[in-house]
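> Residue numbers (the working numbering), protein chains in the order written: chain A, 11 to 131; chain B, 223 to 321; chain C, 264 to 393. Even for Gly, the Cβ is constructed at its ideal location relative to N, Cα and C.
(1) From which residue to which residue does the beta strand (DSSP E) around residue 335 (chain C) run?
(2) Between residue 308 (chain B) and residue 299 (chain B), what straight-line distance do the alpha-carbon atoms span, to the nearest angstrom?
(3) Cutting at 8 Å between CB atoms, please list the residues of its own chain near residue 359 (chain C), excluding the five before and the five after it.
(4) Excluding sequence positions up to five away, which residues of its chain have a Cβ less than 6 Å from the Cβ of residue 327 (chain C)?
(5) Can you tell me where the beta strand (DSSP E) holding residue 296 (chain C) begins and where it ends?
(6) Compare the C-beta of residue 88 (chain A) against all C-beta atoms of chain C and say whether one is closer than 7 Å.
(7) Please look up how many angstroms separate the CB atoms of residue 296 (chain B) and residue 263 (chain B), rounded, as I've assumed it's under 8 Å.
(8) Have a look at the DSSP bridge pairing and note the partners of residue 266 (chain C).
(9) Do residue 381 (chain C) and residue 301 (chain C) count as a contact pair if the criterion is CB distance below 7 Å?
(10) Closer than 9 Å by beta-carbon distance: list the chain B residues that pair up with residue 393 (chain C), in chain order.
(11) Could you list the residues in the stretch 357-383 of chain C with a C-beta less than 9 Å from some C-beta on chain A, going in chain order?
(12) Tell me where the alpha helix (DSSP H) around residue 290 (chain C) begins and ends.
(13) Would you mind sorting residue 27 (chain A) into buried or exposed? The rule is 16 or more other CB atoms within 10 Å of its CB.
(14) Out of B:269, B:275 and B:237, which one is the CA nearest neighbour of residue 248 (chain B)?
(15) Judging by CA-CA distance, which residue of A:36, A:91 and A:57 is the nearest neighbour of residue 118 (chain A)?
(16) Let me make sure I understand the geometry here. Which of A:105, A:116 and A:123 has the alpha-carbon closest to that of residue 64 (chain A)?
(17) Rounded to whole angstroms, what is the Cα-Cα separation between residue 312 (chain C) and residue 316 (chain B)?
(18) Once the 5 residues before and after residue 365 (chain C) are set aside, which same chain residues still bring their CB inside 7 Å of it?
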């Protein structure tokens, strides 16, 4: 496995309404377990994946947000959230389950350009 | 430099909107599938003169043709076929898919 | 160049699979290699050999099988996503004691690591989302 390439996972979908959030997190955990240089970006409805107090027990789904702290255990430190997406949804970093770096769309623009590989979910 | 692909109608969701928010000047934006509706003169007018002068806009011919849009494409949007789609992915370093 | 394609859309539910297949053909025509096709999320349904569209309609799973066989392409279906959605090979059929299997010829079930491997070993990885 070559570790020198940088991967950014881009999450833009809300959890539960589709499988994207859950299955994207699985990709993140596998990439991290392989020791891959990895960042994860949440923007648009993807920021809802990070919201506190999720409880999907009555819609027969697993609470994928409970898996989020595992990213830290796997040493994934580069977790980014788009400021404009939070603002548009009347949220801020205090509403989120894990520590993240809130960055502007301008900074995201540069972040995307720095990557070798973009995985879109 | 990134090639962005977008596949949703701008009337359906914010994929193109978000793409334009983070797209760098001089990047390529390829409209495919239902996103080709954005290549026409549309009421919401996301592809303004400013956007068209800032970025290189492309639209996929088979998807335009399928939807009866070939004669409705805005000036400034370049038409490509699948061979052209692949060529764009050769020219740009990475592909960001907005869907 | 070496390309890998990640396909996330089920056939008929969206255009993603058709777009990916057209792209894959065009890439080979331009002299590129395909390192891997990776089917994930609802994209795993492309690997079902039980899809039976009317004869005058586009048989997307059959077109994938022909493409994979003709060009000897590595086509991987995420095993977890496949099992969850009922895409099984003989081994998984036996393991879970199911009444049938449906993984099309040329496809293999494997782990998500194959997506990460494809990403790191290809010059381009392109996601085809639904």
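Result, derived from the coordinates:
(1) On the third chain, position 72 is the one that residue 335 (chain C) refers to. First-last for residue 335 (chain C): undefined, no H or E at that position.
(2) The residue given as residue 308 (chain B) occupies position 86 in the second chain. The residue given as residue 299 (chain B) occupies position 77 in the second chain. When rounded, the distance between both Cα atoms is 17 Å.
(3) Start at 1 with the first residue of the third chain, and residue 359 (chain C) comes out as number 96. Annotation for residue 359 (chain C): 346 and 351 place their beta carbon closer than 8 Å to its own, counting only its chain and skipping 5 residues before and after.
(4) Against the third chain, residue 327 (chain C) aligns to sequence position 64. Only 309 meet the Cβ criterion.
(5) One-based indexing of the third chain puts residue 296 (chain C) at position 33. Counting along the chain, the beta strand (DSSP E) containing residue 296 (chain C) begins and ends at 296-302.
(6) By one-based count along the first chain, residue 88 (chain A) stands at place 78. Not closer than 7 Å to any Cβ of chain C, the Cβ of residue 88 (chain A) fails to qualify, so no.
(7) The residue labelled residue 296 (chain B) in the question sits at position 74 within the second chain. The residue labelled residue 263 (chain B) in the question sits at position 41 within the second chain. Separation of the CB atoms of residue 296 (chain B) and residue 263 (chain B) is rounded to 6 Å, and the pair is thereby assigned contact status at 8 Å.
(8) Taking the first residue of the third chain as 1, we reach residue 266 (chain C) at position 3. According to the DSSP secondary-structure assignment, residue 266 (chain C) is paired through a beta bridge with C:297 and C:387.
(9) To locate residue 301 (chain C), count along the third chain from 1; it is residue 38. To locate residue 381 (chain C), count along the third chain from 1; it is residue 118. Taking 7 Å as the Cβ cut-off, residue 301 (chain C) and residue 381 (chain C) qualify as a contacting pair.
(10) The residue labelled residue 393 (chain C) in the question sits at position 130 within the third chain. Against chain B, a Cβ distance below 9 Å from residue 393 (chain C) picks out 229 and 321.
(11) With the criterion set as a beta carbon lying under 9 Å from some beta carbon of chain A, the members of the stretch 357-383 of chain C are 374, 375, 376, 378, 379, 380, 382 and 383, in sequence order.
(12) Working through the third chain from its first residue, we reach residue 290 (chain C) at position 27. Run containing residue 290 (chain C): 279-292, per the alpha helix (DSSP H) assignment.
(13) On the first chain, position 17 is the one that residue 27 (chain A) refers to. Here residue 27 (chain A) is exposed. Its C-beta has fewer than 16 other C-beta atoms within 10 Å.
(14) Position 26 of the second chain, counted from the first residue, corresponds to residue 248 (chain B). Ranking the options by Cα distance to residue 248 (chain B), first place goes to B:275.
(15) For the purposes of this step, residue 118 (chain A) is taken as residue 108 along the first chain, with counting starting at 1. Looking at the Cα atoms, A:91 is the closest of the given residues.
(16) One-based indexing of the first chain puts residue 64 (chain A) at position 54. Closest in alpha carbon position to residue 64 (chain A), among A:105, A:116 and A:123, is A:105.
(17) To locate residue 312 (chain C), count along the third chain from 1; it is residue 49. To locate residue 316 (chain B), count along the second chain from 1; it is residue 94. Approximately 33 Å between the Cα atoms of the pair.
(18) Here residue 365 (chain C) refers to the residue found at position 102 when the third chain is read from its first residue. Short of 7 Å from the beta carbon of residue 365 (chain C), and not among the five residues preceding or following it, lie these beta carbons of its own chain, in chain order: 311, 312, 313, 350 and 351.
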